[in-house]
Structure formats: structure tokens, C-alpha cells
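Report on the following structure.
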Amino acid sequence: MSAPILRGLHDLRAATLPWRLAGETIGVVPTMGALHDGHLSLVAAAKAVCTRVIVTIFVNPRQFGSPEDLARYPRTEEADAAKLARFGIDAIYVPDGDQMYPEGFATTVSVSGLTEVMDGIHRPGHFEGVATVVAKLFAQTAATDAFFGEKDFQQLQVVRRMARDLDIPITVHGCPTIREEDGLAMSSRNLLLSGRARSLASALPEQMQIVARAAAAGEGFSDAQAAAIRVLDQVGFTSVDYLEMRANDDLALLEAPTRPARLFAAAWLAGVRLIDNIAVEG
Ligand code: AMP
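According to the numbering used here, the sequence shown is numbered sequentially starting from 102.
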């Protein structure tokens, strides 16, 4: 059965109040829509943990750097609702821009430290947009649990920090990255890749695996990093924003996996920015 689509905060609160009063657990899965199996894995995780599940779909203008990027972001609400039907969730919350940011809106949630590296540098303002909208979605849904993908590992850590620092009573769950058969991490942005570019995109996870294995084997990180960037360049990636090994918890830059670490990358192919990260087995 398809879940009701709620567009107003009033309707959302009316739906969740009885659940809260009955002491139910409410899981929220924040998304920007164009749902794929990566998103759906979060929905399945939420269903496994919570008695009520809300999926939110909101293409958040505050986390986009340019109006063009925002305009071309895929929007597929009907197909999204159809994909969610089999999960038996309780509500799909699809607020519009005025609902989230009414006139006079003046508050920004800013997390320091974790946002000063990687996408925090390459996408100025992005994490402020994310932290602000996620704080609002947590408050609006009154969820007890939230589900985020490790695909966006920096975002996951920023959200965890924000919830902890603001004493928001919610458990943030990180869920593993779901990949296409050729290893490319599923992403709504993959829809923007043409057939040929799509077939080249798997070079990114392939090269990341090679670098992660070299780092885990104690080989020189910078040589492996430079070799991978060269290959990506030859394949047709136009630039690599970063390819770095960092600690899981505080995202500190590492030259060797001396503590739990991941390899993080962001690279441009055919005008589309792909990001990915994988564990480095230390
Ligand atoms: P987005 O719609 O891109 O904002 O993503 C919504 C949520 O889905 C975020 O928590 C993402 O980390 C998560 N997500 C996106 N792609 C994947 C994937 N391939 N595997 C697991 N989670 C994902």
C-alpha cells in the first residue's frame, strides 16, 4: 500500500503525535528523491529498527552551490512513491521550499572542524545547508532514529556531530554504500551521465580499491595516490578534487592507516561530480 504523501508540517505533526504518545519508534530517512537502491536500503534498515518510518524528499536549495546544479537535479516524485510502496512505510514527507524556508528565515546550523576538509572546501556552504535542513527535519518529524548512507561519509559524521552538539534526542545510523554491478556507488547524479561517461565511471571505485589496498599493505600512500590520479586523468576524468585517506572519526588526514581509516574521493567526469569512499583495512 502506498504511504500518504504529506506536504505540510501541520499534517506531519498530526500524523506523528499519536505515534509519539504511544511510545513508538519513528525512523526518518532524509533524501532528495530520485530514489535508487541505495536510498531503499536505508528504508529497509529503518523498517527493521523502527515501528514507524517516514521518508522525506526535499531537494534542498541551501546545499547547492549553483542555481544550474539545483535546476538540473533529477526530480521523480511519482516514481519515488511507487518504489517506496513495497516497504509499507507510514508517510512520505515532501515539503516545498516555502514550508522549509519561509520569508524571514534567518538561522544557519554550522558545524566546525569536520566541515573544514574535502567537500567543506570544494562546496562552500554545502554542509551549512545540510546541517540546517537536517536539524529542521529532525525537529519536524520528531524521529527517534535517523538513517544516512556511508556513501556520504563526511555528511554522516557532520550530522552525528550536529545532533550530539544540539542535544537532539535521536540515534543516527550509518548504512553501507550500495553499488552498481561495476562497482560505481549508486547516486541520483549517475542519471546525469551519458552512456559512454557512465561506462567510464567505474574507474573511480577501481582506482580507489587499488590505493586502499596499497595503503593497507603499508606501501607509500602518495605514490599510489599519484598513480590513481594519473589513470583517472587518462580515462577522461577532467579533475580530481581530492583523493585522500582520513580517519573515520575526526576525518584527520592520514599517510598510513594507523587508526580506522577510509579513502575519500571526489572527481569530475563529463561535467558530473562523483564522490565515493571506502574503508582502508588497517
Ligand atoms: P541524497 O538523496 O543523495 O541526499 O541521499 C539521501 C541519503 O541516501 C543519504 O543519507 C545518502 O548518503 C544515502 N545514499 C545515497 N546513495 C547511497 C548509496 N549508494 N548507498 C547507500 N546510501 C546512499
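Ideal Cβ positions, reconstructed from N, Cα and C, are used throughout, including at glycine. In this text, all values refer to a predicted model and were calculated from it rather than measured experimentally.
Using a 10 Å radius around the Cβ and a threshold of 16 neighbouring Cβ atoms, would you call residue i buried or exposed?
i, result
"ARG224", "buried"
"PHE338", "buried"
"THR209", "exposed"
"SER288", "buried"
"ILE222", "exposed"
"ALA53", "Because the chain spans 102 through 383 in this model, residue 53 falls outside it and cannot be assessed."
"GLY319", "exposed"
"LEU257", "buried"
"GLU345", "buried"
"HIS227", "buried"
"VAL322", "The sequence shown places Phe at residue 322, not Val. Buried, by the Cβ-count rule."
"ARG363", "buried"
"ASP220", "buried"
"GLY205", "exposed"
"LEU122", "exposed"
"ASP334", "exposed"
Sort the options by Cα distance to residue i and report the nearest one.
i, options, result
"TRP120", "THR242, ALA182, MET219 and ALA380", "THR242"
"THR359", "ASP253, ALA317, SER103 and MET133", "ALA317"
"ARG261", "GLU307, ARG173 and ASP351", "ASP351"
"ALA380", "LEU354, PRO162, MET309 and SER340", "MET309"
"ARG280", "LEU267, PRO203, ALA264 and PRO306", "PRO306"
"TYR343", "PHE365, PRO270, PRO361 and ILE269", "PHE365"
"ILE271", "CYS151, ARG114 and ALA123", "CYS151"
"ARG108", "GLN335, ASP253 and GLN200", "GLN200"
State yes or no: is the C-beta of residue i nearer than 6 Å to some heavy atom of the ligand NAD?
i, result
"GLY250", "The ligand NAD is absent from the structure shown, which contains only the ligand AMP."
contact_flag[the stretch 134-148, the stretch 180-196] where n(CB pairs < 8 Å) is 3 or more: Contact between the stretch 134-148 and the stretch 180-196 is established, with three or more Cβ pairs separated by less than 8 Å.
Runs of beta strand (DSSP E) lying entirely within the stretch 153-193, each at least 3 residues, in chain order: The qualifying runs are 153-158.
Contact between the stretch 354-372 and the stretch 270-289 (3+ Cβ pairs under 8 Å): Inter-segment contact for the stretch 354-372 and the stretch 270-289 is absent: fewer than three beta-carbon pairs are separated by less than 8 Å.
Validate contact between the stretch 235-255 and the stretch 322-342 using beta carbons, cut 8 Å, 3 pairs: No, the stretch 235-255 does not touch the stretch 322-342.
The stretch 124-137 contacting the stretch 242-252, beta-carbon criterion three pairs below 8 Å: Taking 8 Å as the limit for Cβ pairs, the verdict is that the stretch 242-252 does touch the stretch 124-137.
Uninterrupted alpha helix (DSSP H) stretches inside the stretch 269-339 (no shorter than 4 residues): Entirely contained in the stretch 269-339, the alpha helix (DSSP H) runs reaching 4 residues are, in chain order, 296-301, 304-317 and 322-336.
Three-pair Cβ contact test at 8 Å for the stretch 150-161 versus the stretch 194-208: At 8 Å Cβ cutoff, the stretches touch.
Segments of 4+ residues assigned as alpha helix (DSSP H) that fall wholly inside the stretch 234-272: As far as the stretch 234-272 is concerned, its whole alpha helix (DSSP H) runs of at least 4 residues are 254-266.
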